[in-house]
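All remarks here apply to the structure that follows.
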Amino acid sequence: MKIHFLFGIILLFSSCHTGVPVLNGGHDKTFVIVQRNSADIEGSKEKLEFEIGDITMNTTEVKITGHPSNKVFLDAYMRQNDKEVIDYYGSFYTVELSQIENHLIHDDKAEFKIKAITTEEADKLQKEKGTIPSKTPTDSSIYKKI
Numbered sequence: 005m006k007i008h009f010l011f012g013i014i015l016l017f018s019s020c021h022t023g024v025p026v027l028n029g030g031h032d033k034t035f036v037i038v039q040r041n042s043a044d045i046e047g048s049k050e051k052l053e054f055e056i057g058d059i060t061m062n063t064t065e066v067k068i069t070g071h072p073s074n075k076v077f078l079d080a081y082m083r084q085n086d087k088e089v090i091d092y093y094g095s096f097y098t099v100e101l102s103q104i105e106n107h108l109i110h111d112d113k114a115e116f117k118i119k120a121i122t123t124e125e126a127d128k129l130q131k132e133k134g135t136i137p138s139k140t141p142t143d144s145s146i147y148k149k150i
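So the sequence shown is numbered by my numbering: it starts at 5 and just counts up by one.
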């Protein structure tokens with residue numbers, strides 16, 4: 005009986021921790037950032053800072069940086085409905101700029117969605133965009149250069 009109990013505990017703990025780095029506890033996330041501001045997303049390896057610049061003509065610069073490493077995961081100009089792929093230490097995510105609000109008087113805002121995707125989905129999206137597929141080294145600077 006003790007052996008079955010011990011085996012059950014070992015199985016439970018081994019299934020809970022896969023060792024694969026994840027963002028936001030492995031859950032999809034939608035969030036809004038006001039122009040010239042940033043938002044943090046917690047990660048199992050390090051947190052990511054999503055920073056956007058000024059929203060002009062429905063376009064904004066999006067920079068995603070890891071902290072404390074200062075590794076740049078993305079530095080791109082994005083428009084509404086654009087999707088980019090980031091490699092978070094071997095786990096792939098889409099970053100979609102799902103909505104932009106351009107106001108005449110108030111602060112402009114951008115809504116983002118991050119979603120975990122498979123390596124195959126990352127490869128497909130990268131090939132559609134004509135960028136380097138994910139089978140290359142995971143240095144994110146090769147994914148998107150401006």
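Cβ atoms here follow ideal geometry from the backbone N, Cα and C, with glycine treated the same way.
Tell me which residues share the same chain as I59 and place their Cβ nearer than 7 Å to its Cβ, disregarding the 5 neighbours each side in the sequence.
Q39, I104, N106, D112 and A114
Of the choices T122, T98 and D91, whose alpha-carbon is the least far from that of K75?
D91
Skipping 5 residues on each side, what residues in its chain have a beta carbon closer than 6 Å to that of E132?
none
F54: which of G30, D44 and H110 sits nearest, CA to CA?
D44
Short CB-CB distance (under 9 Å) between T122 and chain D
Included in the structure is just one protein chain, with no chain D present.
Any idea if V36 is buried or exposed, counting beta-carbon neighbours within 10 angstroms, 16 or more meaning buried?
exposed
With a floor of 4 residues, list each alpha helix (DSSP H) that falls wholly inside the region 43 to 82, ordered by position along the chain.
none
Name the residue from L52, D127 and K87 whose alpha carbon lies nearest to the alpha carbon of S73.
L52
Quick check on the burial criterion: 16 or more other C-beta atoms within 10 angstroms. Buried or exposed for I109?
exposed
So, using beta-carbon positions, are L101 and F116 closer together than 9 Å?
yes
DSSP on L129, reduced to helix/strand/coil?
helix
Looking at the strands, I want to know which residues DSSP matches up with E100.
K87 and K117
Return yes when the Cβ of I121 is within less than 9 Å of the Cβ of T3, no when it is not.
No information on residue 3 is available, as it lies outside the stretch 5 to 150 that the chain covers here.
Local Cβ density within 10 Å of V24, reported as buried at 16 or more and exposed below that:
So V24 counts as exposed.
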